[in-house]
Amino acid sequence: MSSDGSTFVQQNDPAELLEVFDAEGRPTGRAKSRAAVHLDGDWHQAFHCWIVRRGGEEIVLQRRSLEKDTFPGKWDAAAAGHWRFRESAEQAAREVHEELGLQVEFRALRYVGRERLARAFANGLTDREHHQVFVLDDDRALSEYAPERSEVIGLAAFTAAGLLQLARGSISSLTASEAVSVDGDGRLRSESVTVSRDDLVPYSSARLRRMLKSVSHG
Numbered sequence: 035m036s037s038d039g040s041t042f043v044q045q046n047d048p049a050e051l052l053e054v055f056d057a058e059g060r061p062t063g064r065a066k067s068r069a070a071v072h073l074d075g076d077w078h079q080a081f082h083c084w085i086v087r088r089g090g091e092e093i094v095l096q097r098r099s100l101e102k103d104t105f106p107g108k109w110d111a112a113a114a115g116h117w118r119f120r121e122s123a124e125q126a127a128r129e130v131h132e133e134l135g136l137q138v139e140f141r142a143l144r145y146v147g148r149e150r151l152a153r154a155f156a157n158g159l160t161d162r163e164h165h166q167v168f169v170l171d172d173d174r175a176l177s178e179y180a181p182e183r184s185e186v187i188g189l190a191a192f193t194a195a196g197l198l199q200l201a202r203g204s205i206s207s208l209t210a211s212e213a214v215s216v217d218g219d220g221r222l223r224s225e226s227v228t229v230s231r232d233d234l235v236p237y238s239s240a241r242l243r244r245m246l247k248s249v250s251h252g
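Numbering of the sequence shown is given in my numbering, commencing with residue 35 and proceeding in unit increments.
Take a look at the structure:
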């Protein structure tokens, strides 16, 4: 389990009910509040959606809100969130609309597998998640998105090949082929975005490489 020096403050609804899973990803049938799950370090599920464009040549990332409880301002999968108690996969996919404002049929999503992630934070809280990972092939321009600013403050499309090089450490920075920021009033503004490895959510390099290969060539 990795350790993160930052403090985990629970921004989202602490009373939200999540299902407790075991370390192998099996459901226990027990429901606990989000706050209790993170306090006790229980395994739980999260929905992750990676958006690819141009046949997998580009990957769209979101920049997390500066108010997020974990990794504020970092670049991550296009949409992600907790999988609520008794939600189906189709219901959990609400995150795509809630975070990005996209109306997407569930059948358009491609399931690529499960990833485990465990982190301990400086204030004693532990986040142990099973990420159920989906891919959406969607070529629309970023200007057609309608992100929720409390969740997302930017969107950018990067070449999959470039992100893999960044994950390997072959290059030190990468410039987006298209990027927008979200103003305080929710309007989108085109901008130039260049990221380093440190600007991404700190998945291990091995996991990031594995995920990028999976979503871009799945």
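Even glycine gets a Cβ: it sits at the ideal position worked out from N, Cα and C. Predicted model only: the values in this text are computed from it and were never measured.
Inset, instruction - Report yes or no: is there a C-beta of chain D within less than 8 Å of the C-beta of residue 247? - result: Absence of chain D from the displayed structure is noted, only one protein chain being present.
Inset, instruction - Return the CA-CA distance between residue 253 and residue 84, expressed in angstroms with no decimal places. - result: Absent from the structure is residue 253, since the part of the chain shown begins at 35 and ends at 252.
Legend entry - Own chain residues within Cβ distance below 7 Å of residue 75, not counting five before or after: 160, 162
Inset, instruction - Determine which residues share a DSSP beta bridge with residue 61 and list them. - result: 55
Legend entry - Those runs of the beta strand (DSSP E) which lie wholly inside the region 128-191 and span at least 3 residues: 143-155, 160-171
Legend entry - Outcome for residue 250 when other beta-carbon atoms lying within 10 angstroms are tallied against a minimum of 16: buried
Inset, instruction - Please determine, among 177, 241, 233, the residue with the shortest C-alpha to C-alpha distance to residue 207. - result: 233
Inset, instruction - Below 6 Å CB to CB, which residues in the same chain sit around residue 196 once its five sequence neighbours on both sides are set aside? - result: 208
Inset, instruction - Jot down the residue ranges of each uninterrupted alpha helix (DSSP H) in the region 65-135, minimum 4 residues, whole runs only, in chain order. - result: 68-74, 123-126, 128-134
Legend entry - Identity of the residues DSSP links to residue 214 by a beta bridge: 189, 224
Legend entry - Sub-8 Å separation of residue 134 and residue 111 beta-carbons: no
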